[in-house]
Amino acid sequence: MSLDDFCADGPKGQGLWKRAEQVLPGGGVYLTRSADFAGRGVVPGFIEEADGCRLVDVDGRKYIDFLGANGPNLLGYCHPEIEEAVRRQAAKGVSVSFFSPSMIETVEGLLDYFSGFDWGLLSKTGSETLTFATRVAKQHTQRDHLVAFDSAYHGSAPELAILPPSGPLTRAGENVHRIAWNDAEALEALGRRVGDKIAGVLLNPLDQNPRQITQDISDDFRNAISAFCDRYGSLLILDDVRHGFRLHPEGSHKYVGLEPDILCLGKALGNGYALSAVLAKEEFRSAAQSILYTSTHHFETSPMRAALKTLEIYQRDNVFEHISRAGEQLRAGFVTAAEKSGHAISYSGPVTMPTFLFQNDPKCKKLRLFSRKAAEKGAIFHPSLNWNLSLAHTTQDIDEAVKIAAAAMSEMPV
Ligand SMILES: Cc1ncc(COP(=O)(O)O)c(C=O)c1O
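One gets my numbering by counting positions in the sequence shown from 1 and adding 86 to each.
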């Protein structure tokens, strides 16, 4: 079968793409990167309904989903208790004059849950948390340079953009020094050159980028980061927007083995409702106080209730254990399916949010073929982004998905 035989968008989906091209740049945000990256035609573009770990697209095709809304779907789409908490709060007012108790309760809940932090602030997106965290670091240190690693994504601020267009937007990132992941020597050399200018070090808990094998932090690198921050007085900002709740039940800093000054959370925090949070240590409170960080919708009450309920269910239902088990089952199923069909694969990253690649597939053509075949058979395995396990994935769901993956692989040339 050639790549063109099946299009993941049915007639309605294709019609929506045509309309999208008229009104959205590039047809949509990911597509400004490339249609290929977005998986256009490989996975469905438009979803009508979501429930648990299942999606129905606008053409009525049904799927088991492993993208998880690119992170937020931690407990399952439309989790009844989350929806109920949101409905109750919404009935009392979504955006209201003045503050709501839910804001205080949510920050208190987060500070109780994640040890080692003294204050917090809520916002809507992960990008906002990174922008705010870097501003706090700059204000506190009175410096304006940052360190970040490889092509790690830290949100959409021009300063932190990984694919800036040429011209003035490129210059926005001139004070951000990008170092290769796990290159302790490069970090030390950077320190010798400009260490006293560095306000903060931005760290993702893992090096997990699209279409690359995921890599953990090495011992040398962990030590080098810690020594760098101690030596130059730079703040360690852990960007846990993507990995939060899926690497370690108490926060990804426990997985990484470093103690961040500022922790950024988002994505899964509200199980689909837009909420993000910065948590930080006492000594940075006065810097934070001097920065205007507000937005009309930061005070929206329902996502705060969603986040509080998410935290409660996460602990009560041992969600981390569940997604670890489900992820291990998926991994084992993929390894067996690949062995049987003779494909050399690489399945990297934590099992709760794996990165799947075929070996010797530099342009990811095989991967796209696989994703497209899996979609045709009823499972979403995104061809560019890491996958995300959720509480809604049962043993039966994973069995079904593994059968689909095995069938897709068996139809593909080795
Ligand atoms: C590691 C990381 N940081 C920050 C962000 C930005 O979060 P948001 O898209 O909610 O602005 C993302 C989003 O994918 C992310 O993966």
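Glycine is no exception: its CB is placed at the ideal position from the N, C-alpha and C atoms.
query: Do you know offhand how far THR227's Cα is from CYS350's?
result: 19 Å
- request: Could you tell me which uninterrupted beta strand (DSSP E) segments, each at least 3 residues in length, are contained entirely in the region 134-185, listed from first to last along the chain?
  value: 140-143 and 148-151
query: So TRP103 is in the beta strand (DSSP E); what residue range does that whole segment cover?
result: Where TRP103 is concerned, there is no enclosing beta strand (DSSP E), although the alpha helix (DSSP H) it sits in stretches over 97-109.
- prompt: Can you give the beta carbon distance from GLY125 to GLY162, rounded, assuming they're within the 8 Å contact cut?
  reply: Actually they do not touch by this definition, with Cβ atoms about 22 Å apart.
field: Beta-carbon gap between GLY286 and ILE348 smaller than 9 Å
entry: A contact, by the Cβ cut-off of 9 Å.
task: Determine the extent of the beta strand (DSSP E) in which PHE314 is found, giving its start and end residues.
output: First-last for PHE314: 305-318, but that is the alpha helix (DSSP H), not the beta strand (DSSP E).
message: Assuming the contact rule is C-beta atoms closer than 8 Å, PHE467 and SER476 should be a hit. Round their C-beta distance to whole Å, please.
response: With a Cβ gap of about 14 Å, PHE467 and SER476 do not count as contacting.
query: Among the residues of its own chain, which have a CB less than 6 Å from the CB of MET87, if the five just before and after it don't count?
result: For MET87, the predicted model reports a pLDDT of 44, less than 50, meaning its position is unreliable; a value from the coordinates is still stated below. So the list is empty, once near-sequence residues are dropped.
message: Assuming the contact rule is C-beta atoms closer than 8 Å, SER188 and MET390 should be a hit. Round their C-beta distance to whole Å, please.
response: 4 Å
- prompt: Along the chain, where does the alpha helix (DSSP H) that runs through ALA392 open and close?
  reply: 387-402
message: As a quick exercise: from ARG264, THR217, ALA412 and GLU245, pick the residue whose alpha carbon is nearest that of VAL233.
response: ARG264
- prompt: For the putative contact between LEU160 and VAL405, defined by C-beta atoms under 8 Å, what is the C-beta separation to the nearest angstrom?
  reply: 7 Å
field: Nearest residue (CA-CA) to GLY330, options LEU321, GLU135 and VAL342
entry: Measuring from the Cα of GLY330, the nearest candidate turns out to be VAL342.
- prompt: CB ILE323 to CB LEU273, shorter than 9 Å?
  reply: no
- prompt: If you measure from the CB of TYR239, is any heavy atom of ligand 1 nearer than 8 Å?
  reply: Yes, ligand 1 has a heavy atom inside 8 Å of this Cβ.
task: List the endpoints of the continuous beta strand (DSSP E) containing TYR359.
output: Element bounds for TYR359: n/a, residue is neither H nor E.
Alpha-carbon to alpha-carbon, GLU169 and LYS367: 32 Å
message: Using CA atoms only, rank isn't needed, just tell me which of ILE303, ASP282 and ALA223 is closest to SER376.
response: Distance from the Cα of SER376 is smallest, within the candidate group ILE303, ASP282 and ALA223, for ALA223.
message: I'd like the list of long-range same chain contacts for VAL421, defined as Cβ closer than 7 Å, with 5 residues on each side in sequence excluded.
response: For VAL421, the CB contacts under 7 Å within the same chain, skipping 5 residues up- and downstream, are TYR433 in chain order.
- prompt: For SER362, is the beta carbon positioned less than 8 Å from some heavy atom of ligand 1?
  reply: yes
task: For the region 190-218, list the beta strand (DSSP E) runs that are entirely contained and at least 3 residues long, ordered along the chain.
output: 205-209
message: In the DSSP assignment, the beta strand (DSSP E) including ASP325 goes from what residue to what residue?
response: 321-325
field: When GLN108, GLY154 and GLU214 are compared against THR380, the one with the closest alpha-carbon
entry: GLU214
message: Just verifying my parser: in three-state terms, what is the DSSP assignment at GLN301?
response: In this structure, DSSP gives GLN301 an extended state, which the three-state scheme calls strand.
field: Counterpart residues of HIS263 in DSSP-defined beta bridges
entry: VAL233
- prompt: Taking the C-alpha atoms as reference points, what is the distance between PRO244 and PRO250?
  reply: 7 Å
- request: Return yes when at least one heavy atom of ligand 1 lies under 8 Å from the C-beta of HIS383, else no.
  value: no
- prompt: So, is LEU355 buried or exposed, given that buried needs 16 or more other C-beta atoms within 10 angstroms?
  reply: buried
query: Would the beta-carbon of ALA363 fall within 9 Å of that of ALA392?
result: no
message: Cutting at 7 Å between CB atoms, please list the residues of its own chain near ALA460, excluding the five before and the five after it.
response: PHE467, ILE490, ALA491 and ALA494
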